[in-house]
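Peer 1: Numbering (this note's numbering), first residue to last: 1 to 430.
Positions of the beta carbon are idealized from the N, C-alpha and C atoms, including for glycine.
Remember, it's a predicted structure, so these values are computed and weren't measured experimentally.
1) Quick one: residues in its chain with C-beta nearer than 6 Å to the C-beta of residue 213, no 5 flanking neighbours on either side, listed in chain order?
2) What residue does the beta strand (DSSP E) around residue 397 start on, and which one ends it?
3) Quickly, what does DSSP pair residue 277 with across the bridge? List them, please.
4) Tell me the DSSP secondary structure of residue 425 in three-state form.
5) Give me the Cα-Cα distance between residue 385 and residue 392, rounded to the nearest whole angstrom.
6) Taking just the CA atoms, how far does residue 374 sit from residue 353?
7) Comparing alpha-carbon positions, which option in 239, 215, 216, 217 lies nearest residue 226?
8) Count the other C-beta atoms from every protein chain shown that fall within 10 angstroms of the C-beta of residue 109, then say buried if there are 16 or more, exposed otherwise.
9) So if DSSP puts residue 180 in a beta bridge, which residue, or which two residues, is it bridged to?
10) For residue 236, which residues does DSSP report across the bridge?
11) For the 8 Å Cβ check, are there 3 or more pairs between the stretch 145-155 and the stretch 196-213?
12) Just how far apart, CA to CA, sit residue 397 and residue 181?
13) Taking the beta carbon of residue 104 as the centre, do at least 16 other beta carbons fall within 10 Å, making it buried, or is it exposed?
14) Spatial neighbours of residue 26 within its chain, please: CB distance less than 6 Å, with the 5 preceding and 5 following residues excluded, ordered by chain position.
15) On the three-state DSSP scale, how would you describe residue 63?
16) Less than 6 Å between C-beta atoms, sequence neighbours within five positions excluded: which residues of the same chain meet that for residue 139?
17) Would you check if the distance between the CB atom of residue 401 and the CB atom of residue 269 is smaller than 9 Å?
18) Give me, in chain order, the residues of the same chain whose beta-carbon lies closer than 6 Å to that of residue 417; leave out the 5 immediate sequence neighbours on both sides.
19) Can at least three beta-carbon pairs, one atom from the stretch 272-280 and one from the stretch 128-146, be found at a separation below 8 Å?
20) Is it the case that the stretch 409-426 contacts the stretch 70-78, given that we only count it when at least three CB pairs across the two stretches are under 8 Å?
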């Protein structure tokens, strides 16, 4: 135990030191590479599942508010202290001479960031573009596809509103046909989920849009099975990975998709306004960019990075977020998040009037879950949790779901969830 504690302290020290490497030395050379190859391999060989010291180190790495309990980590996640310090360092230097330090010095490190991010995603750096969020990534794909009047798109009523809106715009503009599927909430039947999608496939279907982990309820869809069925019909596959990337342990090729987008400021805990666009190599040339460069029909992924002035300090600091994620370990992180979710659900699911909209099975959910109380609207429930119990959540009222979304993160303590349980107990008794 003593050696383990000493080792955990060394991780924190190494992460902190790599955040302050001299500019002009890539954030992915020298000491940071030593961290990747030695410390991460050693840590992943240690069982810290129930190690309070390890999870205390994780929790203390965040600068969480003491005014209330934040259980709304789904929309945007806080950055660990190491990421904040890296971003501040890069941002402060950029302000000394922006055009020199930001564009000539820091920008050189972005190739290293992309290599590290591509490795995490399991793809080639030539297939990913760093952008600002999932909405930007998926809008680029949806607007960039060559579709004709009568072409059919299969998607879900539970997809993210921004994505539904851009598809509806294309429907009005180009005359494509949107075919919406529905399914039970929650659903623990993979075959049924796949069938709901495949039942809508016809010879006119061009794209299937899959939200891997649904933001409303935390439902995980069997993306690979749906993708395989689609490809058997020569239908292309777009995956919204906003809530699954760095939350669920997988790589992009595991999903079998052609196009993918995610937000790195969610579960990876990278700086705000950082995202990832993935386009399969053989699909790049035919996809039109939203902000074209000199070769909008080219076959290089950089054509999707022509965004004008952007926050290079934030993008370079993505590397430190990846280091922190790897130090925890993707599998271990998913297991911890699922444990936190099941902890509070198991204590409230049998209370009178409680409705749980999320499965406890790790095959169908992660950290994110939604619960409601009979007779209380979701917005009222969220307001009461904030006012009476100082618990911050978000209300969910969509389709058949009426409640609040509870989203813990790796820094969440079990005693925080105990306060949530107490709140549900008291509100169901009134």
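Peer 2: For this structure:
1) 220, 243, 244
2) 394-398
3) 129, 261
4) helix
5) 7 Å
6) 5 Å
7) 239
8) buried
9) 155
10) 207
11) yes
12) 18 Å
13) exposed
14) The predicted position of residue 26 is uncertain, since its pLDDT is 45 and thus under 50; a value taken from the coordinates is nonetheless stated next. Counting only Cβ-Cβ distances below 6 Å, and skipping sequence neighbours, we find 109, 112.
15) coil
16) 166
17) no
18) 343, 344
19) yes
20) yes
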